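Numbers 74 to 442, taken from this note's numbering, label the letters of the sequence shown in order.
These notes are about the structure you will find just below.
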Amino acid sequence: MNIDKEMKKNILTITYAGMILFIILYFSKVIDILSYIWQLFVPFIIGFGIAFVLNIIIHQLENTLYKNTKKNKRIFSFMTMFLLIIVFIGLICFIVGPELIHSIKMVMKQTPIAYENFIHFLKTNRNMLNGSFTNVIDSLISLDFDLSKIFSHIIENWKPLFNSGFSIITNTVSSLSSFFIGFVFSIYLLFFKETLSRQLKIASHALIGKEKTDKICRIIKLSSDTFTSFITCQCLEACILGTMFVISMFILQMPYALLMGIIIAITALIPVFGAFIGCFIGIIMIGIINPLQAVAFVILFLVLQQIEGNFIYPHVVGNSVGLPSIWVFVAVVIGGNLMGILGMFLFIPLTSIVYTLFKEYIKSKSIKS
Numbered sequence: 074m075n076i077d078k079e080m081k082k083n084i085l086t087i088t089y090a091g092m093i094l095f096i097i098l099y100f101s102k103v104i105d106i107l108s109y110i111w112q113l114f115v116p117f118i119i120g121f122g123i124a125f126v127l128n129i130i131i132h133q134l135e136n137t138l139y140k141n142t143k144k145n146k147r148i149f150s151f152m153t154m155f156l157l158i159i160v161f162i163g164l165i166c167f168i169v170g171p172e173l174i175h176s177i178k179m180v181m182k183q184t185p186i187a188y189e190n191f192i193h194f195l196k197t198n199r200n201m202l203n204g205s206f207t208n209v210i211d212s213l214i215s216l217d218f219d220l221s222k223i224f225s226h227i228i229e230n231w232k233p234l235f236n237s238g239f240s241i242i243t244n245t246v247s248s249l250s251s252f253f254i255g256f257v258f259s260i261y262l263l264f265f266k267e268t269l270s271r272q273l274k275i276a277s278h279a280l281i282g283k284e285k286t287d288k289i290c291r292i293i294k295l296s297s298d299t300f301t302s303f304i305t306c307q308c309l310e311a312c313i314l315g316t317m318f319v320i321s322m323f324i325l326q327m328p329y330a331l332l333m334g335i336i337i338a339i340t341a342l343i344p345v346f347g348a349f350i351g352c353f354i355g356i357i358m359i360g361i362i363n364p365l366q367a368v369a370f371v372i373l374f375l376v377l378q379q380i381e382g383n384f385i386y387p388h389v390v391g392n393s394v395g396l397p398s399i400w401v402f403v404a405v406v407i408g409g410n411l412m413g414i415l416g417m418f419l420f421i422p423l424t425s426i427v428y429t430l431f432k433e434y435i436k437s438k439s440i441k442s
């Protein structure tokens, strides 16, 4: 018996050593193969992501609006969700679209005027603070951009710009096929998720046993609950913050109230740093029209951030991911460095899952000892 175990151990060791040697010798080919495999699975990964997000909405509809429906609950929920998405896209196109176009026109119209006023202010206050910034001010004045000519030149040459942009769009159209395949796959997952789950569980029982399967299922459930809670709460918190900005800016008669509320809501989806990105955009857009209102916007942002951080966020998001604030910051920084904005969003629930599993592991070890 010991001889058989020793032989299996030696075979495994030789196999692993052979695989590592093969990877070292043919590293570039291995990378090409892995890249090809990744491209094959990209549509299905996209589909899984779409299905996961849409399943949150469908699950809520099934448990609320169609709670008492006995037949075709999934179909009714899917159709309702699809209708809500169409309405949302329509609102974006017919409300945000015209507002965005108007804002761009206003920015292009007001930027040259704001720049001229800024240069005039520098010239009339060249010796402010006893001439401490004279050299800096002279450098800024010497730049002397003619923004009106720059904008006119851009408008006159819009065709080459459009053609280059169109070529970029044409080159990316191929990626839409991956999205379409992923969307079709997500629909299949949504309608047959219980069947697929049952089949995978049976196969797992047969291959690795019941105990390991139960552990895997528990990790999957923990991951699903954590991501669902985080996405739901983050979206709700962003909507509340955006609405607060729209109402406050309308009351204070600030420009771009609706557009800034939407920008703040979208950027607030990025944890920790997102709302500050929206604030920076707002300072530029409002400052071009009225610098004093830009200062008022910064004050408003700081006030609403305090209200949101101290009263709304703890109640809406709270401990949705069960992660201490220091680890939230670490997760955002690491995720941002590795995967950009998507990493900032994904690494908080991922870190929460690892944190929870590690905490349970340490707790089980303490009980055994």
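Note that beta-carbon positions come from the ideal geometry of N, C-alpha and C, so glycine has one too.
The structure presented is a predicted model; accordingly, all values stated were derived computationally and were not measured.
Alpha carbon of residue i to alpha carbon of residue j, nearest angstrom
| i | j | result |
| --- | --- | --- |
| residue 96 | residue 80 | 24 Å |
| residue 164 | residue 335 | 12 Å |
| residue 321 | residue 349 | 17 Å |
| residue 143 | residue 294 | 26 Å |
| residue 420 | residue 319 | 30 Å |
| residue 137 | residue 108 | 43 Å |
| residue 399 | residue 413 | 19 Å |
| residue 331 | residue 167 | 13 Å |
| residue 106 | residue 90 | 20 Å |
| residue 269 | residue 383 | 43 Å |
| residue 132 | residue 415 | 24 Å |
| residue 125 | residue 190 | 52 Å |
| residue 43 | residue 123 | Within the shown structure, residues of the chain are numbered from 74 to 442, placing residue 43 beyond reach of any answer. |
| residue 152 | residue 345 | 35 Å |
| residue 365 | residue 411 | 38 Å |
| residue 354 | residue 367 | 11 Å |
| residue 339 | residue 328 | 18 Å |
| residue 281 | residue 119 | 28 Å |
| residue 363 | residue 333 | 15 Å |
| residue 117 | residue 141 | 33 Å |
| residue 407 | residue 425 | 14 Å |
| residue 429 | residue 439 | 15 Å |
| residue 139 | residue 255 | 27 Å |
| residue 128 | residue 146 | 13 Å |
| residue 287 | residue 135 | 27 Å |
| residue 279 | residue 104 | 33 Å |
| residue 114 | residue 323 | 47 Å |
| residue 266 | residue 162 | 27 Å |
Neighbour-count burial assignment, residue i, 16 or more Cβ in a 10 Å radius
| i | result |
| --- | --- |
| residue 310 | buried |
| residue 160 | exposed |
| residue 381 | buried |
| residue 437 | exposed |
| residue 379 | exposed |
| residue 405 | buried |
| residue 155 | exposed |
| residue 92 | exposed |
| residue 337 | buried |
| residue 314 | buried |
| residue 174 | exposed |
| residue 88 | exposed |
| residue 157 | exposed |
| residue 249 | exposed |
| residue 370 | buried |
| residue 302 | buried |
| residue 171 | exposed |
| residue 300 | buried |
| residue 263 | buried |
| residue 259 | buried |
| residue 100 | exposed |
| residue 418 | buried |
Test: residue i CB closer than 8 Å to a CB of chain C
| i | result |
| --- | --- |
| residue 382 | You won't find chain C in this structure, because it holds only one protein chain. |
Reference residue i; option with closest CA among the options
| i | options | result |
| --- | --- | --- |
| residue 359 | 326, 401 and 384 | 326 |
| residue 251 | 287, 341 and 121 | 121 |
| residue 343 | 304, 369, 373 and 361 | 304 |
| residue 373 | 317, 340 and 408 | 317 |
| residue 308 | 296, 341 and 292 | 341 |
| residue 361 | 150, 179 and 139 | 179 |
| residue 422 | 306, 255 and 98 | 306 |
| residue 357 | 262, 255, 434 and 183 | 183 |
| residue 274 | 290, 261 and 263 | 290 |
| residue 347 | 271, 110 and 409 | 409 |
| residue 150 | 130, 162 and 169 | 130 |
Closer than 7 Å: residue i CB and nearest the ligand GTP heavy atom
| i | result |
| --- | --- |
| residue 300 | As presented, the structure is devoid of all ligands, the ligand GTP included, so that no description of it is given. |
To test your reading of the DSSP string, which unbroken alpha helix (DSSP H) runs of 4 or more residues are found completely within the region 299 to 364?
330 to 340 and 347 to 362
In chain order, what are the residue ranges of uninterrupted beta strand (DSSP E) at least 3 long that sit wholly in the region 127 to 180?
none
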